[in-house]
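**Student:** Can you keep this structure in mind? I'll have questions shortly.
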């Protein structure tokens with residue numbers, strides 16, 4: 008158009024409008040023509056059709072009235088979302104109600120109703136342990152990240168030299184590839200060559216088997232319930248390593264959010280508390296924490312959503328070893344390892360509903376400012 | 002009374018020293034693993050698996066040579082770049098338009114909004130199996146198309162959600178003023194709203210690119226051949242059933258994180274803002 012800025016827009020250029028019906032007809036004829044008449048490979052034809060559709064789309068968008076623009080704007084996104092999320096989801100639902108494995112994938116798919124779901128819940132010996140592990144990871148990792156993140160934020164909530172350096176360094180783990188974080192800690196926690204055990208040996212602590220399913224001595228030593236916690240609630244080194252690795256990667260994120268929250272608090276209550284002679288602990292417990300509550304709610308929500316997506320850390324640390332497997336990894340193993348597509352599909356649906364459920368519960372409890 | 006200011010001053014100093022030490026400790030915990038990885042990538046193989054702490058060693062580039070000459074890592078790097086940039090272009094083009102529509106007209110209504118939100122909340126692993134089967138039927142397994150399509154599933158909703166918040170911050174009176182001056186709706190969008198939303202566009206471009214660059218779940222399942230493998234999947238491949246080849250892992254890990262670190266440091270402001278956008282609004 009040759010228009011470069013708001014100042015030079017001027018009166019709207021007179022566009023000779025084609026009636027929408029005619030342009031639509033031309034466009035559709037073009038698409039059909041390419042699909043049926045052009046002697047090229049499918050990919051090339053699809054590409055040509057895409058180019059033509061994009062051209063017509065731009066043409067319509069630039070000439071549409073406000074009412075039409077409203078709907079036109081969504082067309083690319085809705086098309087893509089329909090293709091890449093809604094279609095697979097419906098397909099997933101369909102598979103989960105049929106019996107589909109590698110053997111009959113190209114043949115008949117018998118309809119089995121809810122059988123896959125029922126078999127998963129009643130017959131799969133790994134379902135409940137994996138569910139417990141997923142939820143336990145959620146609770147422990149969030150608790151640890153919240154405590155450490157809050158401590159860090161309070162520590163850094165003052166002016167000091169190198170403050171921006173702290174934020175920069177703490178941004179790096181968040182942006183690092185999860186696979187790389189997992190591999191890095193797999194090395195750091197190695198029994199013989201890992202940095203953690205090497206450092207421990209300098210303070211005369213014997214090497215710890217971080218990447219095994221050995222029970223944690225501290226928990227196993229608890230009188231009555233120790234053994235029960237170990238056998239049912241993952242009180243082992245491997246699970247601890249998973250929680251720690253996730254905490255290492257994501258505490259900085261919690262820190263960033265809480266830091267921003269702390270800085271946005273109004274200073275008046277703190278001054279009033281100082282005038283009234285409150286000590287540091289009282290100020291924290293009765294003023295900082297209540298005022299920070301909304302931000303903490305948001306942190307909980309975001310971390311919970313993200314922890315429900317965990318996959319890579321456990322995958323790199325332990326692969327699909329049964330003693331550290333969570334539901335997400337169980338989907339992979341059922342579907343691509345055992346090639347039992349319909350069971351994996353049923354599990355996927357359960358995981359999806361579980362994530363949405365957790366999200367809704369936390370959103371309700373964490374207040375209105377989260378959407 | 003005369004000594005009290007002095008006393009107070011000294012107390013503050015000891016607190017500062019404590020805080021300073023704590024902050025240094027924090028930095029060590031979070032920065033040192035990366036330094037250890039960088040060092041590991043130039044350490045001779047026998048020093049990496051030594052059961053003593055090796056701090057002084059003669060640096061070597063053998064691991065980088067290994068991944069770039071004996072393994073086709075330049076190809077994997079190219080694959081990663083192609084996937085990440087295509088996903089960024091596609092999601093940003095579609096996402097910007099949709100976000101503007103949602104911000105200005107609540108286009109799509111409540112249902113579309115819920116759908117976008119749901120695709121952000123639900124773990125991508127839920128779509129692992131159906132996409133795998135669809136790609137297998139379409140013959141897209143082991144092509145870059147599979148990765149581009151799969152990454153779009155969760156990144157498009159990210160772009161829409163982020164950009165909508167940015168567009169919401171641009172006052173509607175600006176669009177209206179432009180339209181009173183004779184601009185069409187799309188001209189107002191292009192010449193008035195988009196330039197103001199440039200920080201938001203930068204933010205979502207970078208984050209989308211980094212997220213696609215870091216994506217591993219679909220990569221280790223849909224793209225395992227040389228022509229389509231991306232860097233994270235290639236790095237994970239150094240764990241075999243028998244041994245872990247640490248040197249090349251550190252070298253490839255460095256290749257994966259270095260561009261991201263450079264972006265994070267240079268564009269820290271944008272990235273931090275983008276990460277916090279979904280949270281505080």
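Chains as they are written, first to last, in the numbering used here: chain Y, 8 to 378; chain U, 2 to 282.
Here a beta-carbon is modelled for each residue, glycine too, at the ideal position from N, C-alpha and C.
(1) Please report how far the alpha carbon of residue 233 (chain U) lies from the alpha carbon of residue 101 (chain Y), in whole angstroms.
(2) So is residue 154 (chain U) in contact with chain Y if we call contact Cβ pairs under 7 Å?
(3) Which chain U residues are close to residue 339 (chain Y), counting only those with a beta carbon under 8 Å from its beta carbon?
(4) I need the DSSP call for residue 230 (chain Y), collapsed to helix, strand or coil.
(5) Skipping 5 residues on each side, what residues in its chain have a beta carbon closer than 6 Å to that of residue 175 (chain U)?
(6) Can you give the Cα-Cα distance for residue 68 (chain U) and residue 370 (chain Y), rounded to whole angstroms?
(7) The ligand ADP and residue 173 (chain Y): does any heavy atom of the ligand fall closer than 6 Å to the residue's C-beta?
(8) Report, in whole angstroms, the separation of the C-beta atoms of residue 148 (chain U) and residue 224 (chain U), which I expect to be a contact under 8 Å.
(9) Looking at the unbroken alpha helix (DSSP H) that takes in residue 110 (chain Y), where does it start and where does it end?
(10) Do residue 1 (chain U) and residue 103 (chain U) have their CB atoms nearer than 7 Å?
(11) Count the other C-beta atoms from every protein chain shown that fall within 10 angstroms of the C-beta of residue 169 (chain Y), then say buried if there are 16 or more, exposed otherwise.
(12) Three or more beta-carbon pairs under 8 Å between the region 336-356 of chain Y and the region 130-140 of chain U, yes or no?
(13) Helix, strand or coil for residue 278 (chain U), going by three-state DSSP, please let me know.
(14) Using only CA atoms, which one of Y:265, Y:256, Y:32, Y:59 lies nearest to residue 41 (chain Y)?
(15) Which same chain residues end up closer than 7 Å to residue 378 (chain Y) when comparing Cβ atoms and leaving out the 5 residues on each side of it in sequence?
(16) Only counting the same chain, and skipping five residues up and downstream in sequence, which positions put a Cβ closer than 7 Å to that of residue 196 (chain Y)?
(17) Determine the closest residue to residue 3 (chain Y) out of Y:85, Y:368, Y:318, with distance taken between C-alpha atoms.
(18) CA-CA distance, residue 267 (chain U) and residue 260 (chain U)?
(19) Going by other Cβ atoms of all chains shown within 10 Å of its Cβ, with 16 needed for buried, is residue 216 (chain U) buried or exposed?
(20) Helix, strand or coil for residue 172 (chain U) per DSSP?
(21) With 16 as the cutoff for other CB atoms within 10 Å, does residue 193 (chain Y) come out buried or exposed?
(22) I want to know whether the region 154-168 of chain U touches the region 86-95 of chain Y - three or more CB-CB distances under 8 Å.
(23) Determine the closest residue to residue 54 (chain Y) out of U:236, U:178, U:146, with distance taken between C-alpha atoms.
(24) Quick check on DSSP: helix, strand or coil for residue 202 (chain U)?
(25) Can you tell which of U:42, U:186, U:254, U:276 has the C-alpha that lies nearest to the C-alpha of residue 78 (chain Y)?
(26) According to the Cβ coordinates, are residue 65 (chain U) and residue 252 (chain U) closer than 7 Å?
(27) What is the rounded straight-line gap between the Cα of residue 77 (chain U) and the Cα of residue 226 (chain U)?
(28) Below 8 Å, how does it come out for the region 108-123 of chain U and the region 39-58 of chain U: are there three or more Cβ pairs, yes or no?
(29) Is it true that the CB of residue 81 (chain U) sits closer than 7 Å to the CB of residue 228 (chain U)?
(30) Take residue 112 (chain Y) and list the residues in its own chain whose beta-carbon comes closer than 8 Å to its own, dropping the five residues that flank it on each side.
(31) Just to confirm before moving on: does the CB-CB distance between residue 1 (chain U) and residue 267 (chain Y) stay below 7 Å?
(32) I'd like to know whether the C-beta atoms of residue 224 (chain Y) and residue 95 (chain U) end up nearer to each other than 7 Å.
(33) Please report the residue range of the alpha helix (DSSP H) in which residue 276 (chain Y) lies.
(34) DSSP three-state label for residue 11 (chain Y), please.
(35) With the cut-off set at 7 Å, would you say residue 335 (chain Y) and residue 126 (chain U) are in Cβ contact?
(36) Give me the residue from U:255, U:275, U:269 with the minimum Cα distance to residue 36 (chain U).
**Tutor:** Put simply:
(1) Start at 1 with the first residue of the second chain, and residue 233 (chain U) comes out as number 232. Start at 1 with the first residue of the first chain, and residue 101 (chain Y) comes out as number 94. Spanning the two alpha carbons is a distance of roughly 32 Å.
(2) For the purposes of this step, residue 154 (chain U) is identified with residue 153 of the second chain, where counting begins at 1. Yes, residue 154 (chain U) counts as interfacial toward chain Y.
(3) By one-based count along the first chain, residue 339 (chain Y) stands at place 332. Residue 339 (chain Y) reaches chain U at 126, 129, 222, counting residues in chain order whose Cβ is nearer than 8 Å.
(4) Counted from its first residue, the first chain places residue 230 (chain Y) at position 223. Coil at residue 230 (chain Y), not helix or strand.
(5) Sequence index remark: in the second chain, residue 175 (chain U) carries index 174 (1-based). Hits under 6 Å: 193.
(6) Taking the first residue of the second chain as 1, we reach residue 68 (chain U) at position 67. Taking the first residue of the first chain as 1, we reach residue 370 (chain Y) at position 363. When rounded, the distance between both Cα atoms is 46 Å.
(7) Because no ligand of any kind appears in the structure shown, any question about the ligand ADP cannot be addressed here.
(8) On the second chain, residue 148 (chain U) is found 147 positions in, with the first residue counted as 1. On the second chain, residue 224 (chain U) is found 223 positions in, with the first residue counted as 1. Going by Cβ atoms, the distance from residue 148 (chain U) to residue 224 (chain U) rounds to 5 Å, so yes, they are a contact pair.
(9) On the first chain, position 103 is the one that residue 110 (chain Y) refers to. Boundaries for residue 110 (chain Y): no alpha helix (DSSP H) harbours it, and the DSSP string shows neither H nor E there.
(10) Absent from the structure is residue 1 (chain U), since the part of chain U shown begins at 2 and ends at 282.
(11) Along the first chain, one-based indexing puts residue 169 (chain Y) at 162. By the neighbour-count rule (16 or more Cβ atoms within 10 Å), residue 169 (chain Y) is not buried but exposed.
(12) In short, these stretches touch, since the Cβ pair count reaches three.
(13) Indexing the second chain from 1 puts residue 278 (chain U) at position 277. It is helical.
(14) Within the first chain, the letter at position 34 stands for residue 41 (chain Y). Out of Y:265, Y:256, Y:32, Y:59, Y:59 has the C-alpha closest to the C-alpha of residue 41 (chain Y).
(15) Here residue 378 (chain Y) refers to the residue found at position 371 of the first chain. Any answer about residue 378 (chain Y) is weak, because its pLDDT of 44 lies below 50 and its placement is not dependable; what the coordinates show is given next. Counting only Cβ-Cβ distances below 7 Å, and skipping sequence neighbours, we find nothing.
(16) Numbered from 1 along the first chain, position 189 holds the residue referred to as residue 196 (chain Y). Short of 7 Å from the beta carbon of residue 196 (chain Y), and not among the five residues preceding or following it, lie these beta carbons of its own chain, in chain order: 203, 217, 218, 248.
(17) Residue 3 (chain Y) falls outside the range modelled here, since chain Y spans only 8 to 378, and no answer is possible.
(18) If you number the second chain from 1, residue 267 (chain U) lands on position 266. If you number the second chain from 1, residue 260 (chain U) lands on position 259. Take the alpha-carbon of residue 267 (chain U) and the one of residue 260 (chain U): they are about 11 Å apart.
(19) In the second chain, counting from the first residue as 1, residue 216 (chain U) sits at position 215. It is buried - the Cβ of residue 216 (chain U) has at least 16 other Cβ atoms within 10 Å.
(20) On the second chain, position 171 is the one that residue 172 (chain U) refers to. Residue 172 (chain U): coil per DSSP, three-state reduction.
(21) Walking along the first chain from the start, residue 193 (chain Y) turns up at place 186. Under this definition residue 193 (chain Y) is a buried residue.
(22) Output reads yes: the region 86-95 of chain Y touches the region 154-168 of chain U.
(23) Reading the first chain from its first residue, position 47 is the one you call residue 54 (chain Y). Out of U:236, U:178, U:146, U:146 has the C-alpha closest to the C-alpha of residue 54 (chain Y).
(24) Along the second chain, read from residue 1 onward, the residue named residue 202 (chain U) stands at position 201. In this structure, residue 202 (chain U) counts as helix in the three-state DSSP scheme.
(25) Residue mapping note: residue 78 (chain Y) aligns to position 71 of the first chain, counting from 1. Looking at the Cα atoms, U:186 is the closest of the given residues.
(26) Against the second chain, residue 65 (chain U) aligns to sequence position 64. Against the second chain, residue 252 (chain U) aligns to sequence position 251. When the beta-carbon positions are compared, residue 65 (chain U) and residue 252 (chain U) come within less than 7 Å of each other.
(27) Here residue 77 (chain U) is taken as the residue at index 76 of the second chain, counted from 1. Here residue 226 (chain U) is taken as the residue at index 225 of the second chain, counted from 1. If I take the Cα positions, the gap works out to 10 Å.
(28) No: the two stretches stay apart, fewer than three of their Cβ pairs being nearer than 8 Å.
(29) Within the second chain, residue 228 (chain U) is the residue found at index 227, counting from 1. Within the second chain, residue 81 (chain U) is the residue found at index 80, counting from 1. For the 7 Å CB-CB criterion, residue 228 (chain U) and residue 81 (chain U) do not form a contact.
(30) Start at 1 with the first residue of the first chain, and residue 112 (chain Y) comes out as number 105. Cβ neighbours of residue 112 (chain Y) beyond the five flanking positions: 348.
(31) Look at the range of chain U in this structure, 2 to 282, and you will see that residue 1 (chain U) is not part of it.
(32) Residue mapping note: residue 224 (chain Y) aligns to position 217 of the first chain, counting from 1. Residue mapping note: residue 95 (chain U) aligns to position 94 of the second chain, counting from 1. No; because the gap between Cβ atoms is not below 7 Å, this pair is not in contact.
(33) Taking the first residue of the first chain as 1, we reach residue 276 (chain Y) at position 269. First-last of the alpha helix (DSSP H) with residue 276 (chain Y): 275-282.
(34) As a position in the first chain, residue 11 (chain Y) is number 4, starting the count at 1. Low per-residue confidence applies at residue 11 (chain Y): pLDDT is 46, beneath 50, and the placement is therefore not dependable, though the value from the model is reported in the following sentence. Coil at residue 11 (chain Y), not helix or strand.
(35) As a position in the first chain, residue 335 (chain Y) is number 328, starting the count at 1. As a position in the second chain, residue 126 (chain U) is number 125, starting the count at 1. With respect to residue 126 (chain U), residue 335 (chain Y) sits close: the two C-beta atoms are nearer than 7 Å.
(36) Walking along the second chain from the start, residue 36 (chain U) turns up at place 35. The candidate whose alpha carbon is nearest that of residue 36 (chain U) is U:255.
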